[in-house]
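Numbering follows full-length UniProt numbering, in which position 131 of the sequence shown is assigned residue number 131; successive positions increment by one, without gaps. Beta carbons: idealized from backbone N, C-alpha and C, even for Gly. None of the values given here were measured: they were computed from a predicted structure.
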Amino acid sequence: MLFGGGAQSVSLQPLGCPTEQGYPDSPHDRSAVHTSNDSSPLSVTWGLGKLSHKGGDALPPPPAALTGGADRNAGCMCGYASCEADAVFLSTVRLIESVRYLWTDLMARRPIRIGNCSGAINDGLDQLYELAKFGGVDAITADYLAEFNLAWRAIDLQTDPELGFEANFLDQLAWNNGEAARLLVKNKIKVVHDGGGLNPRGLAVATDKYLKSLGLNGVRIAWVAGDNVTEKVRNNEFRRIKHLDQAGLYLQESDIKSMLTANAYTGQAGVVHALQEGADIVICGRCCDASPVMGLASWWHGWDAEDYDKLAGGLMAGHLIECGPYVTGGNYCGAPEIRNVLRPGFPIGEIAADGTIVVTKIEGTNGAVTIDTCKAQLLYEIQGTKYLNPDVIADIENVQLQEVGKDRVKLSGVRGSAPPPTTKLAVCILGGYQVEIAGYCAGLDTDFKYQQFKQGILGRLNLADFNTVSIQRYGTAAEDPKCQADTTVQIRIFAQADKKEAMAQIRQGIFYNGMSGFCGMSLSMDWRTLEPRPYVKYFPALVPQTMVPLEVNRVDTGRKDLVQARPQKLCAAVAPQQRTFEPQGMLFIASKTVRRPLGDLVFGRSGDKGGNANVGFWVRDAAAWPWLQSFMTSRKVIELLGDDWSDKFTVERCEFPRLWAVHFVVKGILQEGVSSSSLIDGFGKSFGEFLRARHVDLPVDLLQKEQKRRRDNMALAGRTQVKL
Numbered sequence: 001m002l003f004g005g006g007a008q009s010v011s012l013q014p015l016g017c018p019t020e021q022g023y024p025d026s027p028h029d030r031s032a033v034h035t036s037n038d039s040s041p042l043s044v045t046w047g048l049g050k051l052s053h054k055g056g057d058a059l060p061p062p063p064a065a066l067t068g069g070a071d072r073n074a075g076c077m078c079g080y081a082s083c084e085a086d087a088v089f090l091s092t093v094r095l096i097e098s099v100r101y102l103w104t105d106l107m108a109r110r111p112i113r114i115g116n117c118s119g120a121i122n123d124g125l126d127q128l129y130e131l132a133k134f135g136g137v138d139a140i141t142a143d144y145l146a147e148f149n150l151a152w153r154a155i156d157l158q159t160d161p162e163l164g165f166e167a168n169f170l171d172q173l174a175w176n177n178g179e180a181a182r183l184l185v186k187n188k189i190k191v192v193h194d195g196g197g198l199n200p201r202g203l204a205v206a207t208d209k210y211l212k213s214l215g216l217n218g219v220r221i222a223w224v225a226g227d228n229v230t231e232k233v234r235n236n237e238f239r240r241i242k243h244l245d246q247a248g249l250y251l252q253e254s255d256i257k258s259m260l261t262a263n264a265y266t267g268q269a270g271v272v273h274a275l276q277e278g279a280d281i282v283i284c285g286r287c288c289d290a291s292p293v294m295g296l297a298s299w300w301h302g303w304d305a306e307d308y309d310k311l312a313g314g315l316m317a318g319h320l321i322e323c324g325p326y327v328t329g330g331n332y333c334g335a336p337e338i339r340n341v342l343r344p345g346f347p348i349g350e351i352a353a354d355g356t357i358v359v360t361k362i363e364g365t366n367g368a369v370t371i372d373t374c375k376a377q378l379l380y381e382i383q384g385t386k387y388l389n390p391d392v393i394a395d396i397e398n399v400q401l402q403e404v405g406k407d408r409v410k411l412s413g414v415r416g417s418a419p420p421p422t423t424k425l426a427v428c429i430l431g432g433y434q435v436e437i438a439g440y441c442a443g444l445d446t447d448f449k450y451q452q453f454k455q456g457i458l459g460r461l462n463l464a465d466f467n468t469v470s471i472q473r474y475g476t477a478a479e480d481p482k483c484q485a486d487t488t489v490q491i492r493i494f495a496q497a498d499k500k501e502a503m504a505q506i507r508q509g510i511f512y513n514g515m516s517g518f519c520g521m522s523l524s525m526d527w528r529t530l531e532p533r534p535y536v537k538y539f540p541a542l543v544p545q546t547m548v549p550l551e552v553n554r555v556d557t558g559r560k561d562l563v564q565a566r567p568q569k570l571c572a573a574v575a576p577q578q579r580t581f582e583p584q585g586m587l588f589i590a591s592k593t594v595r596r597p598l599g600d601l602v603f604g605r606s607g608d609k610g611g612n613a614n615v616g617f618w619v620r621d622a623a624a625w626p627w628l629q630s631f632m633t634s635r636k637v638i639e640l641l642g643d644d645w646s647d648k649f650t651v652e653r654c655e656f657p658r659l660w661a662v663h664f665v666v667k668g669i670l671q672e673g674v675s676s677s678s679l680i681d682g683f684g685k686s687f688g689e690f691l692r693a694r695h696v697d698l699p700v701d702l703l704q705k706e707q708k709r710r711r712d713n714m715a716l717a718g719r720t721q722v723k724l
C-alpha cells in the first residue's frame, strides 16, 4: 500500500510494526514516532500485509511471565534506527514481543462471527440491536446498495450535495432509543457496510454526530472513498467504455453529458486498512456486496492478498449473508416447510482461518438455516461457476453444503485464484422522465377490454415523443369467481420520454378513454404517479483495477491514507469466460411421467444483474439429479419462457453437480436494468417462480418421493396444507 497524500502527508509504521501489532491502543503519537530525516510517505508492496487481528478478545492475554511487566511507554518499539531509545531495552522488548506473537499464533484462532443486519434499504431496522444484544458477534455488516437506489441517490445529489447516502444505518443505530448504538460500543463490535452510497463522508459525519449525542465519544469512524470515478469518465481517462453485456455498444458523448455518477465496484483493501488502523465503524461507497465481510475476515485472520482459497471462502461467506434473511427463509420457495416463517432471524457467518464457512442465526429466532435455504442464496444473482471479485476469483462449481447442527450449514469446496484485471463500473445516466398508473378490468371479456383500453390510449399519443410506452396486462380472471377480487385484472400503463411535457399526453389519453372506455373500468386513485419524475439509465462496464486507488479517511483525526490500486502483477492476465454448456446425451429416461408444475419437483431462486435475469434450479434427491441435468437445458428454458422469449435474448447454462443444481443467465430479458425497466418485476425476483409454475412432464417416481418429503416436512412445521 502507499500511504500519504491529500492536504497532508503522513508517515506510518510498517505493517508489521510491534508497536501497532502488539499494542493496538498504544498511546504513542504515530505522527511523531519516526524522526528520520526522510519525510516522504512510507511505500511498501501492495497487499493486505500481516497486521492481523490475532484473535483479539477471542484469546486470553499472554502469561505475565512472557510480558515481564515491561513499561511500554518507556521507549519506542518501532525498530527504526533513528529512534533514540535504549538499545538494550528495545532488544528485550523485541524478544518479549516475538515470544508473545509465537504464543498467540500457536493458539487456534477461532472463527470470526459476522452478522448481517440489512440486506437492502429499510430492511431489518431492529437487527443491529438484535445482533448486538443476542448474536454474540464480533462484527456486523449490511448491504444497503443496489443498482436502483444508487440511481436514486444520484438524483438526490442533484438537489442537495449533502445527500447521496443511505440514512437507514442511522435509523438502526437509533433503535430502542439508541440502545443499539450503546450495545455496539459496549460489546466492542466492529461495523462495516456500504451505506455511504455516493457520499460516504456525509454518512460518517452524521454517524459521528449521532453517537456523540448519546454520549458515546471516542468511537473511531472511517470512510472509504475512491469508488466514485465520475471525473475520470468525464475526462476520458478510461478511453472507450464498452457495455458489459451488449456487444458493440459504447458509452457515448451524449451519455457522458447526461451522466449523474460513475462508480467502480471496489474490493476489501480499504476496509482492511481502516480496520488495521483501529476503526470501529467503516463506511464504504460502492464496494462489492461481499467486500465488508471479506475485509473483516482478512483483518481478523491476517490473510495475505494472495491467500486466494481463503479469500474465496470469505467472498462466498459474504455472498451467503449479504442479503440478510434471504438465507434464513426469506424469498424461499420452500417456506411452507418452515414452522415460523414470519420475521426470520438474520444470518451470522462464522469464517474460519482456512476460509471455510458456517452459516447460522441467533438461536431461537424464526426462520431456518438449512441446506436448501443456503442453496437458494448461493445460486442467487451469480453469473456462472466463476464468481469474479476485485480481490479473488472464486471457483464454486464443486462447492458442498453440509448440515453441522440445527440451523448450522457449512460451505466448503471453494477454490480461489488471482482476481481479474478489471472491476465492474456502474454508470448512471439521466434518461429522462417517466410516469405510470394502473387501471383494472373485471369479469367477462377481459381480453377485449384490455385491447380496447390499450388501443384507445395509444391512439391519443404521438409515439415519436416517447422512448417507451408500455401497456401491459397482469393476471387472469378466474372462472366462476367467488369474489370480485378473483376476477379483477390489472392493466399497467408506463411511459418514458426525454421531456416531461410529453407526459401530458399520457394523462389525456387515460382520461379521454375513461367515460368512453370499456365496461366496468376502474383506475388507481393515486394520480401522483402521473407526475413526471426523473429516471436513470444503467450502463455497466469494466475498467482496469490499476486505475481505482482508494482513500481511507478518519472522522476523529481528519487523517487520510491513500491505498494504492491493485497492481497488474497481482491480477490474472484476463478475466475467465463463464463456461456455458448443455448435457452430453440423455442422462435419464423416465418410465412414466405426469403433467404437473415444474415446481412440484424442482426448487428455484432467481434475481437480476443489470438487464440479465439469473435463475438456479435444484432437486433434493440424488436420483433426481440426472433427470434435472437432462431436462433443464437452455432450449427447455426458452420453451418455458413462452411469450416472454425474444430472439434478442441469449441463454447461458452451467451445472453445480454437488448441489444437484443447474443455473441459467438469460441476458437482456430485464431490458437495461431495474432503474429504467418497464417491467413490473424489474428485479427478476418472480422470474423463477413463473418458470416453476409451468406445466411439464415429471417422472412419477421422483415426483412421489419429493411430494412425500414435502408433506413430512410440512407436518414437522405444523402444517397439513400450504397456508400460514
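query: Around the C-beta of V409, are 16 or more other C-beta atoms found within 10 angstroms, so that it is buried, or is it exposed?
result: One-based indexing of the sequence shown puts residue 409 at position 409. Around the beta carbon of V409, 16 or more other beta carbons lie within 10 angstroms, which makes this residue buried.
field: Reference D280, options W299, I221, R710 and A717, closest by Cα
entry: As a first step, residue 280 must be located in the sequence shown, where it is residue number 280. Closest option to D280, Cα to Cα, is I221.
query: To the nearest angstrom, how far is it from the Cα of K406 to the Cα of V637?
result: Translated into the one-based positions of the sequence shown, residue 406 becomes position 406. Translated into the one-based positions of the sequence shown, residue 637 becomes position 637. Between K406 and V637, the C-alpha separation is close to 35 Å.
- request: State buried or exposed for M316, treating a residue as buried only when at least 16 other CB atoms are found within 10 Å of its CB.
  value: The residue given as residue 316 occupies position 316 in the sequence shown. Buried.
message: Please give me, in chain order, every unbroken run of the alpha helix (DSSP H) with length at least 4 that falls completely inside the stretch 285-325.
response: Taken in chain order, the whole alpha helix (DSSP H) runs of length 4 or more contained in the stretch 285-325 are 291-301 and 308-321.
- prompt: Opposite Q472 in the DSSP bridges: which residues?
  reply: The residue you call residue 472 lines up with position 472 of the sequence shown. According to DSSP, Q472 bridges with R492.
- request: Taking F148 and V674 to be in contact with their CB atoms under 8 Å, please state how far apart those CB atoms are, rounded to whole angstroms.
  value: Sequence index remark: in the sequence shown, residue 148 carries index 148 (1-based). Sequence index remark: in the sequence shown, residue 674 carries index 674 (1-based). Contact holds; Cβ gap of about 5 Å.
- request: Identify, in the order they occur along the chain, each residue of the same chain with its Cβ nearer than 7 Å to the Cβ of residue 765, setting aside the five sequence neighbours on each side.
  value: The displayed coordinates of the chain run from 1 to 724. Any statement about residue 765 would go beyond what the structure contains.
message: On the criterion of 16 or more Cβ atoms from any shown chain inside 10 Å, does L716 qualify as buried, or is it exposed?
response: Stepping through the sequence shown from its first residue, residue 716 is reached at position 716. Under this definition L716 is an exposed residue.
task: Have a look at I506, D608 and Q629 and flag the residue whose alpha-carbon is nearest the alpha-carbon of F617.
output: As a first step, residue 617 is located in the sequence shown; it is residue number 617 there, counting from the start. Selected option, being the one with the closest Cα: Q629.
- prompt: Could you check where the beta strand (DSSP E) with M259 kicks off and where it finishes?
  reply: Translated into positions along the sequence shown, residue 259 becomes position 259. For M259, the enclosing beta strand (DSSP E) starts and ends at M259 to A264.
- request: Buried or exposed for L444, please, with buried defined as at least 16 other CB atoms from any protein chain shown within 10 angstroms of its CB.
  value: By 1-based counting over the sequence shown, the position of residue 444 is 444. So L444 counts as exposed.
message: For a test of the three-state rule: what should DSSP assign to H273, helix, strand or coil?
response: Position 273 of the sequence shown, counting from 1, holds the residue named residue 273. In the structure shown, H273 sits in a helix (DSSP, three-state: H, G or I).
field: L342 versus G367: straight-line alpha-carbon distance, rounded
entry: The sequence position of residue 342 within the sequence shown is 342, counting from 1. The sequence position of residue 367 within the sequence shown is 367, counting from 1. Roughly 7 Å between the two C-alpha positions.
field: Under the three-state DSSP convention, the category W223 falls into
entry: As a working mapping, residue 223 is identified with position 223 in the sequence shown. Assigned with DSSP and collapsed to three states, W223 falls in strand.
- prompt: Where does A131 fall in DSSP's three states?
  reply: Sequence index remark: in the sequence shown, residue 131 carries index 131 (1-based). According to the sequence as given, residue 131 is Leu; it is not Ala. In this structure, L131 counts as helix in the three-state DSSP scheme.
task: Could you check what DSSP says for V374 in three-state terms: helix, strand or coil?
output: Against the sequence shown, residue 374 aligns to sequence position 374. It is worth fixing the name first, because residue 374 is Cys in this sequence and not Val. Helix at C374.
task: Please report how far the alpha carbon of L128 lies from the alpha carbon of I457, in whole angstroms.
output: Counting from one through the sequence shown, the residue named residue 128 turns up at place 128. Counting from one through the sequence shown, the residue named residue 457 turns up at place 457. One alpha carbon belongs to L128, the other to I457, and they sit about 49 Å apart.
- prompt: Do the stretch 383-394 and the stretch 309-327 touch if we need at least three Cβ pairs shorter than 8 Å?
  reply: Output reads yes: the stretch 309-327 touches the stretch 383-394.
query: Which residue's Cα is closest to the Cα of W223: A485, E551, N467 and S686?
result: Numbered from its first residue, the sequence shown carries residue 223 at position 223. The option with the nearest alpha carbon to W223 is E551.
query: So, G324 versus G124, is the Cβ gap smaller than 8 Å?
result: If you number the sequence shown from 1, residue 324 lands on position 324. If you number the sequence shown from 1, residue 124 lands on position 124. Yes, the Cβ-Cβ distance between G324 and G124 is below 8 Å.
field: Contact under 8 Å by Cβ, T266 with V192
entry: As a working mapping, residue 266 is identified with position 266 in the sequence shown. As a working mapping, residue 192 is identified with position 192 in the sequence shown. Taking a C-beta distance under 8 Å as the contact criterion, T266 and V192 do not qualify as a contact pair.
message: As a quick exercise: from P390, G270, T385 and V404, pick the residue whose alpha carbon is nearest that of P421.
response: In the sequence shown, residue 421 corresponds to position 421, counting from 1. Considering only alpha carbons, the answer is P390.
query: Shortest alpha-carbon distance to D372 belongs to which of F448, L703, D621 and R653?
result: By 1-based counting over the sequence shown, the position of residue 372 is 372. It is D621 whose Cα lies nearest to the Cα of D372.
task: Check the DSSP bridge columns for V417 and list the partner residues they point to.
output: Counting from 1 along the sequence shown, the entry for residue 417 is found at position 417. Before going on, a small fix: residue 417 reads as Ser here, not Val. S417 is bridged to I393.
field: Residues near A495 in its chain [Cβ-Cβ closer than 7 Å; skip 5 each side]
entry: Position 495 of the sequence shown, counted from the start, is the residue given in the question as residue 495. The beta carbon of A495 sits closer than 7 Å to those of Q434, V435, F466, T468, V469, M503 and I506, all from its chain and outside the five residues before and after it, given in chain order.
- prompt: The alpha helix (DSSP H) spanning L198 covers which residue range?
  reply: As a position in the sequence shown, residue 198 is number 198, starting the count at 1. If you look at L198, you'll find it isn't in any alpha helix (DSSP H); DSSP assigns it neither H nor E.
message: I want to know whether the stretch 700-711 touches the stretch 518-533 - three or more CB-CB distances under 8 Å.
response: Remark: fewer than three beta-carbon pairs, one from each stretch, lie closer than 8 Å, so the stretch 700-711 and the stretch 518-533 are not flagged as touching.
query: Going by beta carbon distance, what residues of the same chain come within less than 8 Å of V205, once the five residues before and after it are set aside?
result: For the purposes of this step, residue 205 is identified with residue 205 of the sequence shown, where counting begins at 1. Once the five neighbours on either side are set aside, the close Cβ partners of V205 are V555.
message: Output needed for L640: all residues of its chain with C-beta closer than 7 Å, excluding positions within five of it in sequence on either side, in chain order.
response: Here residue 640 refers to the residue found at position 640 of the sequence shown. Result list for L640: L691 and R694, in chain order.
- request: Could you tell me whether the stretch 287-297 touches the stretch 558-573, where touching means 3 or more Cβ pairs closer than 8 Å?
  value: The stretch 287-297 vs the stretch 558-573: no contact.
task: Note the first and the last residue of the continuous beta strand (DSSP E) segment covering V427.
output: Within the sequence shown, numbered from 1, the residue matching residue 427 stands at position 427. Going by DSSP, V427 is part of the beta strand (DSSP E) stretching over T422 to A442.
Outcome for Y538 when other beta-carbon atoms lying within 10 angstroms are tallied against a minimum of 16: One-based indexing of the sequence shown puts residue 538 at position 538. Buried, by the Cβ-count rule.
field: DSSP beta-bridge partners of F448
entry: Walking along the sequence shown from the start, residue 448 turns up at place 448. Among the bridge pairs identified by DSSP, F448 is matched with none.
task: Using alpha carbons as the reference points, say which of A305, D143 and E652 lies closest to A269.
output: Here residue 269 corresponds to residue number 269 of the sequence shown, with the count starting at 1. Comparing Cα positions, the closest option is A305.
task: Mind reading off the beta-carbon distance from L131 to V137? Whole number of angstroms is fine, and I expect it under 8 Å.
output: Here the question's residue 131 lines up with position 131 in the sequence shown. Here the question's residue 137 lines up with position 137 in the sequence shown. Their Cβ separation, rounded to whole angstroms, is 5 Å, which keeps L131 and V137 in contact under 8 Å.
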